[in-house]
Structures are given as C-alpha cells and as structure tokens.
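Visitor: The structure that follows is given in the form of structure tokens.
Number of protein chains: 2
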Amino acid sequence: MGKAFDALTAHLREIDHLNAALELLGWDHQVMMPPEADEARAAQTETLSRLSHEKFTSEHTLRLIDAAEAEISGADPDSDQARLIAVVREDYAEQTRLPTEFVAEVARVTAMAHGVWAAAREANDFSRFAPTLTRQFELARKTADYLGYPDRPYDALLNQFERGMTSRQVQAIFDEHKAGLVKLIAAISERADQVDDSPVHQAFDIEAQHQFGVKVISAFGFDFKRGRQDVSVHPFTQSTSKWDVRITTRFSPDFLNPALFGTLHEAGHAMYEQGLSDAVAALPPLDNGASLGVHESQSRMWENIVGRSHGFWAWAYPQLQAAFPTQLGGVDLERFYRAVNKVTPSYVRVEADEATYNLHIMLRFELEMALLDGSLAVADLPRAWNERFEAYFGIVPPTDALGVLQDVHWSSGLIGYFPTYALGNMLAAQYYRKALADRPQIPADIANGKFDTLLGWLRENIHQHGRKFTADELTRRITGEGIQQRYYLEYLQAKYGAIYGI
Amino acid sequence: MGKAFDALTAHLREIDHLNAALELLGWDHQVMMPPEADEARAAQTETLSRLSHEKFTSEHTLRLIDAAEAEISGADPDSDQARLIAVVREDYAEQTRLPTEFVAEVARVTAMAHGVWAAAREANDFSRFAPTLTRQFELARKTADYLGYPDRPYDALLNQFERGMTSRQVQAIFDEHKAGLVKLIAAISERADQVDDSPVHQAFDIEAQHQFGVKVISAFGFDFKRGRQDVSVHPFTQSTSKWDVRITTRFSPDFLNPALFGTLHEAGHAMYEQGLSDAVAALPPLDNGASLGVHESQSRMWENIVGRSHGFWAWAYPQLQAAFPTQLGGVDLERFYRAVNKVTPSYVRVEADEATYNLHIMLRFELEMALLDGSLAVADLPRAWNERFEAYFGIVPPTDALGVLQDVHWSSGLIGYFPTYALGNMLAAQYYRKALADRPQIPADIANGKFDTLLGWLRENIHQHGRKFTADELTRRITGEGIQQRYYLEYLQAKYGAIYGI
C-alpha cells in the first residue's frame with residue numbers, strides 16, 4: 067500500500083493496542099482480579115478509554131483518513147482498503163459525537179458496576195443494584211442524545227451494536243415472529259409430558275464436564291493455541307486479537323446444560339474471531355464481527371443447530387456416556403437427544419431452550435424501551451419484570467437473582483444489545499439453510515464428528531471478512547435477501563414438531 | 067493540595083494507569099496468554115510503552131513539575147509532596163535521555179524474548195536463545211550509552227534498579243563479603259554429612275503443597291483480597307496497584323523447597339507493595355519500592371530469616387506434618403529444620419541455600435560485566451558460565467537449562483539487576499537486627515504463629531514509604547548507617563555455626 071494508507075493503519079493499530087489492553091483489563095476484571103481492586107481497575111479503565119477515544123476522535127485521524135482515501139481512489143469498493151476507510155469514517159462520525167470526558171465517565175461507572183451487580187445478584191438484593199442501574203440508564207439516555215436519532219433514543223443505542231437496524235424494524239420482526247412462536251410453544255406445552263429432561267438433571271463432576279466441553283470444542287475447531295477457557299459469573303467471549311480469544315463458562319454441579327451448551331455457544335463466538343483473515347486482522351477496526359447479530363448467529367449455530375442436533379449427539383453421546391457412565395449408561399441416545407431439547411418455561415435466559423429463548427429477548431427489549439423512554443422507573447423494574455415474565459411464560463421468578471438480576475449486560479452499560487440475540491437466532495437458521503444448499507454433506511459430516519465442512523463454509527462466507535460488510539450486506543451477499551425471521555420459525559416447527567409429535 | 071500539585075498528580079496517575087495496563091499485559095503474558103499470541107502481545111506492549119514514555123517525557127510534564135514545585139515551596143522536604151517532586155524530577159531527567167522509539171523497541175524485543183527463552187530452556191538449547199540474548203545485551207549497552215555514566219556502562223544500568231549505587235561499590239561489598247562467605251562455606255562443606263536433606267526430597271502432592279503455602283502466607287499477612295497466586299515458568303511478583311498484587315510460583319512434585327520457599331519469597335515482595343500507605347499509593351511513582359535491593363530484603367527476610375528459622379518451624383511444622391503424614395510423620399522438627407537449612411552447592415539460584423546464594427549472584431555480576439564491556443561474547447557464555455560455576459561451586463551444571471538458561475532476567479532485558487539480590491540479603495539482616503532491637507518479642511511471636519509484630523515494624527519503617535526515600539536514605543533512617551555486608555555474614559556464621567557445629 068501507499069504511504070498515506072500505511073500511516074492511517076499504523077495509527078489505527080495503535081488505537082487497537084489500547085483497546086486490546088482494555089479488553090484484557092475487562093477480561094481480567096471478571097475472571098482473575100482480586101475483589102478489592104475494583105476502584106483501581108475502574109480508574110485504569112477510565113484512563114485507557116479516554117486515551118483511546120481521544121486518539122481516535124482527534125483531527126489527526128480525520129486527516130489520515132482523507133489522505134488515505136485520496137491515495138486509494140479508484141480502488142475496488144469491496145477491497146479491504148476501501149472497506150476499511152468506509153468503516154473508519156462511519157466510526158469516526160459516531161465517536162466524535164461523544165465527548166471524551168463522557169466516554170471516560172461511562173468506562174469508570176461501568177467498571178465499578180460489575181462488582182455491584184455481582185454482589186447484588188449473589189445476595190439476591192435488587193436494591194443494592196438499583197442506584198447503579200439508574201445511573202447506567204441515565205448514561206445510556208445521554209449517549210443516545212449525543213449520538214442523535216431520527217425516531218427513538220433506543221435506535222441510537224441499537225445502532226452501536228447492529229448498524230442500520232432500528233427499533234421499529236426489530237419490533238416488526240419480533241411481532242411477526244412472536245405469533246408463530248407463541249402458537250408453537252402452546253402446541254408443545256400441551257404435549258409437555260412427551261419429553262423427560264431428568265437425564266440432564268443429575269450430579270455431574272465439574273472437572274469431567276470441563277474435559278468433555280474441551281473435547282467437543284476442540285473438535286469443532288476452537289484453537290486452544292490461540293485461546294483459553296476460564297470460569298466467570300456470567301459466560302462471555304473476549305478477544306484481544308485473532309491470536310488470543312478467550313471464552314468463559316460456569317458450571318452447575320447438578321445440571322449438565324449450562325456449562326455444556328454455554329461452552330459450545332462461546333466457542334461459536336470465539337471461532338468467528340479466530341477465523342478472521344490475516345489481512346483483515348491487520349486492519350483494525352475491521353478485525354471484529356460484522357454486527358452483534360451476526361456474531362450471535364455463530365454462537366447459536368454451534369450451540370443449537372449443531373449442538374442440539376440428532377446427528378451431533380450420534381457422534382458425541384457415546385463419549386459423554388463414557389465420561390458419565392453412572393448417570394447416562396442407562397439413557398439411550400433418543401432419550402438424551404429429547405432431554406437436551408425439552409421446551410419448557412425457564413427463568414434464566416442463557417439456559418433457555420431454542421423455542422422459548424426469543425421470548426426472553428422480547429421481554430428485555432420491551433423493558434429497555436420503557437426504562438429508556440421514562441415510562442418505567444428502575445425502582446419498579448423487578449415488579450414489571452415479574453409481571454411480564456408471568457404473562458410470557460406463565461411462571462414468576464422465585465428470586466430476583468433468577469429474574470431481573472440474572473444478566474450482566476445492563477451493569478456493563480450494554481443497553482439496546484439484547485435484540486441482537488434474537489436476530490442471531492434468525493440469522494443462524496438463515497445462514498445454515500444456505501450452508502446446506504452449498505454443502506449438503508454437512509449433516510452427515512457432523513454425525514461423523516467432522517465439523518470442518520461447516521466451519522470451512524462459515525470461514526469462507528462470514529468469518530474471514532470481519533467487519534468489511536454490514537450485517538445486511540453480508541446477509542444479502544450470502545443468502546440473496548435481508549434478515550428473515552421465518553427460517554428460524556420453520557426450523558423450530560420442523561424440529562419440535564418431530565420431537566413432540568405435533 | 068493546590069491546583070498545580072493536583073494537576074501534576076492527575077497527569078502522573080494517567081501515566082500510572084498505562085503502566086498498570088503494561089504490568090497486567092506482562093503478568094498475563096507469563097501466566098495466562100495462549101502461546102500463539104506472542105507477536106500480538108509484543109505489539110500491544112510496544113504501543114503502551116511508547117505512549118507511556120511519550121506522555122511522561124513530554125514538556126508538559128516538566129511544566130507541571132515546575133508549577134507544582136513552585137506551589138509547594140517551603141514544604142517539609144520529607145513530606146510526600148516534596149518527595150514526589152524530587153523523585154519525579156529524577157525520573158524525568160533519566161527517562162528523557164532515552165528516545166521514545168528506543169523505549170518502544172526495547173519493549174517489543176523484550177515481549178518477544180520471553181517465549182524464545184522459555185522454549186530454549188525447555189529444549190535445553192542455548193543456541194535458540196543466543197540471538198535474542200545478543201540483542202538484549204546490545205540494547206542494554208545502548209541504554210547505558212543513552213543514560214550516560216561517569217565510569218562504566220554497567221553503572222547506568224544498575225542505577226535504574228538501585229539508585230545511586232555504582233558497580234565499584236558493589237564490587238567492594240562483594241569482595242569483602244566473599245572472603246568471609248567462602249571461608250564459612252568451606253568449613254560447612256567439611257561437615258556436610260551433619261545435615262541430611264532427604265526429608266524435603268520426597269514425593270509431595272502439588273495441591274497439598276499449594277494449600278500449605280496459602281495457609282502460611284495468609285498467616286504472614288499476604289492479603290488475598292488484594293492479590294492472588296498462580297503458576298509460571300519463573301516465579302515473580304507483579305503489582306498494578308496496592309489493591310492488586312500477584313505472585314506466582316512453580317511446583318516440583320518431588321522437592322518441597324521450590325514452591326514452599328518460593329511462595330514465602332514472593333509473598334515478602336507482595337506484602338511490601340500491599341503495605342504502601344494510601345497517601346503514597348495515590349502519588350505514583352512513589353507507589354513502588356525504594357529500590358530493588360530494599361524490595362529483595364523483604365522477600366529474603368520472609369523466605370529465610372523467618373521462613374528458615376527454628377521458631378517459624380516450631381509453629382509451622384506440625385501443620386506441614388499433618389499435610390504430609392506419610393512423608394514427614396517420622397521426621398522430627400530438629401531433623402526437618404536442619405533439612406531446610408542444608409548448605410550445599412546447587413545449580414539453580416532460586417533454590418540455593420542462604421549461604422551459597424550470594425555466590426550465584428557474584429557469578430552473574432561478573433558475567434554481565436564481561437558481556438557488557440565486550441570481553442565476553444554471548445556465544446562463549448555457556449562455557450564461561452560452566453567454568454566459573456565450577457570455580458565457585460566445584461560442580462558443573464549438567465545442562466544449560468540448569469545453568470545459563472535458568473533465569474528469566476536477561477530475556478526480560480533486566481541486565482544490571484542481579485546484584486540487588488545480594489544487596490537484599492544484606493539489607494534483610496541489617497533491618498531484621500534493628501527490628502529485634504526495637505521489638506525483642508519478634509522471635510517468640512513468630513514461634514507462636516504471630517507475624518504481625520514483624521510485619522507491623524516493616525510496614526511502619528519500610529513499606530508505607532514506598533519510593534519516598536532512596537535505599538541509602540531509608541537504610542540510614544532505620545539503622546543509622548548505610549548498607550553493611552557484615553550483619554548478613556554474622557547471621558550466617560551464627561546460624562550455620564550452630565547447625566553444623568563449627
């Protein structure tokens with residue numbers, strides 16, 4: 067490349083290194099840091115956030131963008147170079163709307179909030195979290211005001227995670243989806259006794275759970291030479307580069323699903339980050355997922371479409387039985403396959419089945435909208451959560467720890483983020499459908515423990531590109547149309563129709 | 067404080083936060099990072115080092131120092147404020163002599179070097195490490211040239227770790243020390259059969275070793291709410307603030323000493339960092355040890371003067387026996403006390419006894435001087451190491467992994483650092499002597515498992531001050547004289563005279 071382009075990328079890499087240090091400070095905070103370091107870590111995080119934002123939003127960045135753009139004029143608009151400049155210009159426009167001191171304040175408040183949330187969750191005491199949550203929603207509202215929005219403040223926040231998507235679009239997709247989903251769940255619940263999930267509710271040694279998870283995700287293609295797995299309160303994936311992508315999980319001593327499917331889920335995220343092309347990895351900020359929805363499509367695909375499929379368990383189940391002969395020796399494949407696919411109302415989103423999962427998201431989306439437009443006060447949130455939960459699921463969380471306090475997101479200032487999970491489910495089904503059309507042998511390969519047919523397709527069509535294309539562009543390039551909710555619904559109807567005999 | 071002083075400290079804290087992120091990147095590199103992230107981590111480390119150095123050596127810093135100094139004029143010269151300004155002015159003078167690009171280069175080379183060293187050590191192949199080591203000595207020589215020196219290049223490097231100390235002073239102390247030491251060791255070796263250390267050479271379960279170490283250092287006063295312990299190739303202590311001080315150790319399945327005494331050693335370093343006053347902790351760069359020699363005095367005091375004392379084991383040994391009943395049930399306290407105090411030539415410095423330890427340092431000091439002044443080439447280093455080792459200890463390391471490749475320091479660019487270990491031994495004896503004069507009950511308290519009498523004295527006289535005083539100032543304030551080698555020699559003569567019946 068030319069000198070101006072190189073000067074731009076060197077500058078962006080310097081910012082990327084600061085951001086990588088911030089990622090490590092964040093990972094360490096949740097996984098390793100001793101408890102009394104909260105304030106010191108918040109101050110460190112604040113400073114690095116300030117420096118990173120200051121550097122990126124400087125006029126120097128704009129001059130470098132202008133010069134690099136002039137230098138590559140005439141380049142293929144789909145080239146890495148042209149795409150980098152388009153993405154950076156967009157980020158620059160967005161970030162310069164936020165004052166650096168505000169960004170630093172958000173970083174400090176957020177770093178302090180994690181410990182407050184974790185302690186409140188452990189003590190099952192919402193009132194300890196309420197002031198922090200109030201502050202986070204105030205900051206989110208302020209963020210929206212700084213960023214601007216033509217319609218609703220929620221759109222400005224959503225746009226940070228899912229570029230170009232609006233809350234009305236989400237609402238329309240959700241409304242369409244909900245009708246079919248509620249009908250399916252109702253039909254299933256009439257035949258609830260068709261599936262017995264007692265096999266997954268037994269005592270399972272934690273180290274043996276860990277080993278089995280490692281074996282499976284190694285087979286999937288998660289590269290432990292470029293990643294690691296640890297334990298945290300709330301599972302997550304964090305990447306400081308494609309050469310260092312870390313996942314976390316949490317273990318339940320008497321329930322197999324959380325660590326098992328949680329591990330497959332986070333590995334799905336991680337393989338996306340590990341699958342960036344070297345060219346894109348060298349051009350931050352292209353070295354990220356296309357959007358959070360696309361990111362979630364990868365985690366949900368490996369967790370559910372693969373990890374809860376009959377073919378996968380035909381390969382994996384004998385190994386799981388060998389790991390837990392006492393618990394599973396007398397449970398045959400059919401019964402186990404049905405057990406991990408039981409559809410039932412549950413309190414905790416990350417442990418929800420594929421069919422009810424999106425209802426958890428819709429509930430959060432509605433509550434976030436209400437908190438943000440002021441029609442719901444934080445003090446009233448636990449009540450609103452429980453009421454809406456009962457309306458959606460017919461049950462009421464017995465504790466706030468199993469209800470409104472369950473998710474890490476709001477403490478992390480991730481408001482407007484939840485919809486991307488449901489969009490991810492939909493995209494997973496839509497991409498997988500195309501993968502099958504391109505490579506019909508994928509299901510048979512999975513049943514033989516050969517996962518690189520699917521992973522190769524994902525690498526080629528999705529992973530390598532990083533943020534080169536928006537979610538909408540990428541989805542259209544791959545499938546010829548924008549995001550559709552119906553493929554996920556069709557997938558659920560076919561799968562659970564068979565399981566429940568509907 | 068006034069506005070100018072506050073502006074200075076805010077600026078210095080920002081730099082401190084960058085340095086804390088660098089500390090975390092470094093800790094993570096040695097303890098957690100997946101193997102293929104070496105290059106990415108080196109790039110991150112380089113950038114943060116550059117930013118930190120750039121910020122500190124800017125003219126802005128000088129203006130802030132000048133303004134703050136004017137503002138506090140007339141303040142007590144021993145006040146935190148006056149001391150901060152003196153220390154920062156000195157650091158500023160030192161750091162501005164190093165070009166930022168050179169500092170960044172050193173950071174990158176050093177971050178890459180760790181993996182090279184660890185692999186060469188594992189493969190017992192010096193030739194794999196030689197190019198990196200050559201580069202490190204070239205950079206060290208360049209560093210010395212940038213920093214300047216009135217006499218020898220070594221002085222410029224030593225001055226980074228032990229302000230105000232010269233290589234000739236070290237040489238004089240070592241020469242004086244060596245005569246008495248060699249005499250003592252010769253007398254001991256004539257009676258080598260008086261001590262049998264077979265009790266510590268048995269199979270010891272690693273988790274039980276770990277638990278025992280945790281119990282002891284918790285009793286010492288290491289605060290796990292503000293720290294943690296992990297495993298690494300080479301044990302070390304790293305601090306990002308007094309609220310987050312981490313130690314590492316390494317376990318041997320058939321030798322009790324490395325993890326046990328290594329843990330006590332690193333806890334000694336860590337308690338120094340954890341013991342800073344809040345006032346000093348808020349005034350970086352005062353939030354560090356007075357010098358590396360003073361730092362080492364703390365680790366060696368807890369490892370040896372306490373941890374290898376008869377009184378300590380009177381308290382600790384029944385607990386160790388309970389942890390290892392098969393191995394130690396039939397070994398009485400006297401025999402065990404003697405076993406952990408066996409004096410014998412050994413290959414590995416960190417596992418050496420108190421008497422021969424300083425010989426390991428003298429050997430490194432001489433080799434470093436020769437490498438730095440060009441009279442020894444890196445290619446000839448293994449031979450020179452082994453020859454000198456035989457001259458000092460009468461034995462030749464069977465492998466380079468147990469010889470020239472054993473230490474992490476040179477790979478980390480820590481050249482001119484080793485002498486501080488021997489100075490630390492001397493200071494430990496000198497400080498402990500004064501602690502006993504001030505609080506004669508210390509030995510009796512230790513024998514009852516009460517360690518806060520000693521820790522309290524250390525906190526009051528040493529820890530709280532951080533870098534407010536130089537090593538020489540601090541030592542004179544506490545003991546009324548500068549560093550003396552004789553107290554350590556007297557301590558060894560008395561202790562080992564009794565054990566060996568000399």
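Chains A and B supply the protein sequences, listed in that same order. Residues in the first sequence are numbered consecutively from 67, following the numbering used here. Residues in the second sequence are numbered consecutively from 67, following the numbering used here. Glycine included, each C-beta is placed from N, C-alpha and C at the ideal position.
(1) Quick check on DSSP: helix, strand or coil for A/S193?
(2) Can you list, in chain order, the residues of its chain with a C-beta nearer than 6 Å to that of B/A258? Leave out the 5 residues immediately preceding and following it.
(3) Any idea what DSSP makes of B/D296, helix, strand or coil?
(4) Shortest alpha-carbon distance to A/Q147 belongs to which of A/W93, A/D211, A/D82, A/A70?
(5) What runs of the alpha helix (DSSP H), each 4 residues or longer, lie entirely inside the segment 167 to 225 of chain B?
(6) Would you mind working out which of A/G460, A/A333, A/L213, A/Y487 sits nearest A/A159, comparing C-alpha positions?
(7) If you draw a straight line from the C-alpha of A/R454 to the C-alpha of A/L480, how long is it?
(8) Taking a cut of 9 Å between CB atoms, which residues from the segment 284 to 315 of chain A lie near chain B?
(9) Could you have a look at B/I313 and say whether DSSP puts it in helix, strand or coil?
(10) For the 8 Å Cβ check, are there 3 or more pairs between the segment 334 to 342 of chain B and the segment 115 to 128 of chain B?
(11) Starting from the Cα of A/G548, find the closest Cα among A/Y554, A/E539, A/L555 and give me that residue.
(12) Could you tell me whether any Cβ in chain A is nearer than 8 Å to the Cβ of B/D271?
(13) Could you pull out every residue in the same chain whose Cβ sits closer than 6 Å to the Cβ of B/L78, ignoring the five residues on either side in sequence?
(14) I'd like the list of long-range same chain contacts for A/T306, defined as Cβ closer than 7 Å, with 5 residues on each side in sequence excluded.
(15) Please compile the residues from chain B whose C-beta is within a distance smaller than 8 Å of the C-beta of A/T113.
(16) Which residues in chain A have a C-beta closer than 9 Å to the C-beta of B/Q110? List them in chain order.
(17) If we call anything under 8 Å between Cβ atoms a contact, is B/V444 one with B/L437?
(18) I want to know whether the segment 142 to 156 of chain A touches the segment 96 to 116 of chain A - three or more CB-CB distances under 8 Å.
(19) Tell me the DSSP secondary structure of A/Q304 in three-state form.
(20) When the Cα of B/Q304 is compared with those of B/D320, B/F168, B/P463, B/G334, which residue comes out closest?
(21) Along chain E, which residues have their Cβ under 7 Å away from the Cβ of B/M99?
(22) Could you confirm whether any beta carbon from chain B is found closer than 8 Å to the beta carbon of A/D94?
(23) Can we count B/T166 as close to the ligand FMN, meaning its CB is less than 7 Å from some heavy atom?
(24) Leaving out five residues before and five after B/L322 in sequence, what residues of the same chain have Cβ atoms less than 6 Å from its Cβ?
(25) Listing by chain order, which chain A residues have their CB less than 7 Å from the CB of B/E102?
(26) Assuming A/L394 and A/Q387 form a contact by the criterion Cβ under 8 Å, report the distance between their Cβ atoms to the nearest whole angstrom.
(27) Ordered along the chain, which non-local residues of its own chain (more than five positions away) have a Cβ less than 8 Å from that of B/D320?
(28) So the alpha helix (DSSP H) B/T111 belongs to, where does it begin and stop?
(29) Measuring only the C-alpha atoms, how far is A/H361 from A/T541?
(30) If the criterion is Cβ atoms closer than 8 Å, does the pair A/R174 and A/T111 meet it?
(31) Do you know offhand how far B/L223's Cα is from A/T209's?
(32) Who are the near neighbours of B/V248 in its chain, counting only those whose CB is closer than 7 Å to its CB and skipping five residues on each side?
(33) Any contact of the segment 235 to 248 of chain B with the segment 549 to 565 of chain B, i.e. 3+ C-beta pairs under 8 Å?
(34) Taking one C-beta from the segment 468 to 476 of chain A and one from the segment 186 to 197 of chain A each time, how about it: are there three or more such pairs within less than 8 Å?
(35) Using a C-beta to C-beta distance shorter than 7 Å, which residues of chain A count as neighbours of B/A170?
(36) Please state the DSSP three-state secondary structure of B/E362.
Guide: From the atom records:
(1) Residue numbering aside, residue 193 of chain A sits at position 127 when the first sequence is read from its first letter. The answer is helix: DSSP assigns A/S193 an H, G or I state.
(2) Position 192 of the second sequence, counted from the first residue, corresponds to residue 258 of chain B. Taken in chain order, the list of residues that qualify is empty.
(3) By 1-based counting over the second sequence, the position of residue 296 of chain B is 230. Correct three-state label for B/D296: strand.
(4) For the purposes of this step, residue 147 of chain A is taken as residue 81 along the first sequence, with counting starting at 1. That would be A/A70, whose Cα lies nearest to the Cα of A/Q147.
(5) 192 to 213
(6) On the first sequence, residue 159 of chain A is found 93 positions in, with the first residue counted as 1. Of A/G460, A/A333, A/L213, A/Y487, the residue nearest in Cα terms is A/L213.
(7) As a first step, residue 454 of chain A is located in the first sequence; it is residue number 388 there, counting from the start. As a first step, residue 480 of chain A is located in the first sequence; it is residue number 414 there, counting from the start. Looking at the two C-alpha atoms, the distance is approximately 21 Å.
(8) D289, F290, K291, R292, G293, R294, D296, T306, S307, K308, W309, D310, V311, R312
(9) If you number the second sequence from 1, residue 313 of chain B lands on position 247. In the structure shown, B/I313 sits in a strand (DSSP, three-state: E or B).
(10) no
(11) Against the first sequence, residue 548 of chain A aligns to sequence position 482. It is A/E539.
(12) To locate residue 271 of chain B, count along the second sequence from 1; it is residue 205. False, the Cβ-Cβ gap to chain A never drops below 8 Å.
(13) Walking along the second sequence from the start, residue 78 of chain B turns up at place 12. For B/L78, where only same-chain residues beyond five positions count, the Cβ hits under 6 Å are P350.
(14) What you label residue 306 of chain A is simply residue 240 of the first sequence in a count that begins at 1. Once the five neighbours on either side are set aside, the close Cβ partners of A/T306 are A86, E89, L90.
(15) Taking the first sequence and counting its residues from 1, one reaches residue 113 of chain A at position 47. Simply R79, E80, H83, L84.
(16) On the second sequence, residue 110 of chain B is found 44 positions in, with the first residue counted as 1. Per Cβ cutoff of 9 Å: D82, H83, L84, A86, A87, L90, T306, S307.
(17) Start at 1 with the first residue of the second sequence, and residue 444 of chain B comes out as number 378. Start at 1 with the first residue of the second sequence, and residue 437 of chain B comes out as number 371. Against a cut-off of 8 Å, the Cβ pair of B/L437 and B/V444 comes out as a contact.
(18) no
(19) To locate residue 304 of chain A, count along the first sequence from 1; it is residue 238. Correct three-state label for A/Q304: strand.
(20) Numbered from 1 along the second sequence, position 238 holds the residue referred to as residue 304 of chain B. Nearest of B/D320, B/F168, B/P463, B/G334 to B/Q304, Cα basis: B/G334.
(21) Given the protein chain composition of this structure (A and B), no chain E is represented.
(22) For the purposes of this step, residue 94 of chain A is identified with residue 28 of the first sequence, where counting begins at 1. Judged by the 8 Å Cβ criterion, A/D94 is in contact with chain B.
(23) Looking at this structure, you won't find the ligand FMN or any other ligand, since it has none at all.
(24) Position 256 of the second sequence, counted from the start, is the residue given in the question as residue 322 of chain B. Here the set comprises V266, F270.
(25) Against the second sequence, residue 102 of chain B aligns to sequence position 36. Near B/E102 (Cβ distances below 7 Å), the residues of chain A are K291, R292, W309.
(26) Residue 394 of chain A sits at position 328 when you count from the first residue of the first sequence. Residue 387 of chain A sits at position 321 when you count from the first residue of the first sequence. At roughly 5 Å, the Cβ-Cβ gap stays under 8 Å, so A/L394 and A/Q387 are in contact.
(27) Sequence index remark: in the second sequence, residue 320 of chain B carries index 254 (1-based). Excluding positions up to five away in sequence, the list reads H267, Q268, A269, F270.
(28) Numbered from its first residue, the second sequence carries residue 111 of chain B at position 45. First-last of the alpha helix (DSSP H) with B/T111: 104 to 122.
(29) As a position in the first sequence, residue 361 of chain A is number 295, starting the count at 1. As a position in the first sequence, residue 541 of chain A is number 475, starting the count at 1. Looking at the two C-alpha atoms, the distance is approximately 12 Å.
(30) Position 108 of the first sequence holds residue 174 of chain A. Position 45 of the first sequence holds residue 111 of chain A. It is a contact, given that the beta carbons lie within the stated cut-off.
(31) As a first step, residue 223 of chain B is located in the second sequence; it is residue number 157 there, counting from the start. As a first step, residue 209 of chain A is located in the first sequence; it is residue number 143 there, counting from the start. Rounded to the nearest angstrom, the two C-alpha atoms are 49 Å apart.
(32) Residue 248 of chain B sits at position 182 when you count from the first residue of the second sequence. The answer is none, since no qualifying residue turns up.
(33) yes
(34) A contact exists between the segment 468 to 476 of chain A and the segment 186 to 197 of chain A.
(35) Taking the second sequence and counting its residues from 1, the one referred to as residue 170 of chain B is at position 104. Under the 7 Å cutoff, chain A gives no residues; its nearest Cβ is about 10 Å from B/A170.
(36) One-based indexing of the second sequence puts residue 362 of chain B at position 296. In this structure, B/E362 counts as helix in the three-state DSSP scheme.
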